[in-house]
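Read the structure below first, then the notes.
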Ligand code: B1M
């Protein structure tokens, strides 16, 4: 039953059917399915397939956009169910964004949501954000962690530029820097002087906890 729902969610994303993806997401919640599993086993599998079809030339940009739109509609329904509104102590303050030149928002938003669901206060500044915007947000929100997402092999270089800019702004000692996104690796993170790399939203939460409290 649940596997069938995950497959249907994936298929709605592959087909770029936003309305259907939204209806399925509502049905999944009605059936008390875990929203995170619906995202990981359904929507994410679907968008990965869209990416494969795009890479192999079977899909073009319009299909990529339709798939992402379908995923977003379903995420907007599933994500609030992951963040219950119990008042909790703030674990840490995080500025999160996708780097300049990069419009990919789904993974970054998922990381923000998971951090929020785990008690972090996240200031999500959005996609295509300049180093200046990151730095202003760190100062304005007194952040302890900065998260920078990049999905393109070209824009991942901006993560290095961001770290250099944070150093130049004299803020490097104040913040821990986490990077992520499909082309990013642990060794790239080490090479550019980030404090950590996370492969997915769940490991980003573990990493953030470790960086906030290394003894934990
Ligand atoms: Co784009 N795109 N895209 N795209 N797109 C990729 C990334 C690509 C791999 C597709 C492909 O060719 N197979 C390819 C990149 C190739 C490369 O650089 N090596 C690509 C390309 C080429 C492009 C364009 C250049 C296409 C064009 O115009 N010709 C263009 C660039 C636009 C730009 O940014 N300037 C483009 C545009 C788009 C859309 C706008 C149409 C759309 C995004 C819509 C949106 O976000 N609102 C889109 C999409 C949807 C994709 C794919 C299919 C899916 C991305 C996604 O949302 N994945 C993608 C193929 C793929 O990744 N399989 C592709 C689901 C998401 C949950 O995963 O984002 O990886 P992901 O996030 C994960 C982890 O990476 C990690 O946790 C997340 C959750 O588990 N993570 C972090 C992410 N950020 C993190 C930060 C952290 C920690 C972990 O700490 C801070």
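In this note's numbering, the protein residues as written are 532 to 747. For each residue, glycine too, the CB sits at the ideal point set by N, CA and C.
For residue i, count neighbouring C-beta atoms within 10 Å of its own C-beta (all shown protein chains included) and say buried if the count is 16 or more, exposed if not.
i	result
residue 616	Legend: pLDDT at residue 616 = 48, less than 50; position of this residue unreliable, value from coordinates given subsequently. With fewer than 16 Cβ atoms within 10 Å of its Cβ, residue 616 is classed as exposed.
residue 685	exposed
residue 621	exposed
residue 534	exposed
residue 634	exposed
residue 547	buried
residue 746	exposed
residue 660	buried
residue 589	exposed
residue 669	buried
Based on the DSSP output, what are the partners of residue i in its beta bridges?
i	result
residue 660	630
residue 655	627
residue 650	The partner list for residue 650 (beta bridge, DSSP) is empty, contrary to what the question assumes.
residue 678	627, 709
residue 729	711
With distances taken between CB atoms, is the gap from residue i to residue j smaller than 9 Å?
i	j	result
residue 651	residue 625	yes
residue 680	residue 638	yes
residue 613	residue 645	yes
residue 632	residue 689	yes
residue 654	residue 627	yes
residue 729	residue 721	no
residue 737	residue 707	no
residue 739	residue 623	yes
residue 732	residue 677	no
residue 693	residue 719	no
residue 743	residue 675	yes
residue 570	residue 606	yes
Should residue i be counted as a contact of ligand 3 given a C-beta to heavy atom distance under 8 Å?
i	result
residue 680	No copy of ligand 3 appears in this structure; the ligands present are ligand 1.
What separation, rounded to the nearest whole angstrom, lies between the Cα atoms of residue i and residue j?
i	j	result
residue 560	residue 566	7 Å
residue 544	residue 703	40 Å
residue 578	residue 554	17 Å
residue 598	residue 709	27 Å
residue 687	residue 564	35 Å
residue 667	residue 562	43 Å
residue 573	residue 647	22 Å
residue 683	residue 713	8 Å
residue 537	residue 608	15 Å
residue 600	residue 700	37 Å
residue 568	residue 583	21 Å
residue 557	residue 580	22 Å
Could you name each continuous alpha helix (DSSP H) segment of 4 residues or more that falls completely within the segment 535 to 615, going from the start of the chain to the end? Within the segment 535 to 615, the complete alpha helix (DSSP H) segments at least 4 residues long are 549 to 561, 575 to 586, 592 to 613, listed from N- to C-terminus.
Secondary structure, alpha helix (DSSP H): runs of 4+ residues fully inside the segment 680 to 717: DSSP assignment within the segment 680 to 717 yields the following whole alpha helix (DSSP H) runs of 4 residues or more, N-terminal first: 688 to 699.
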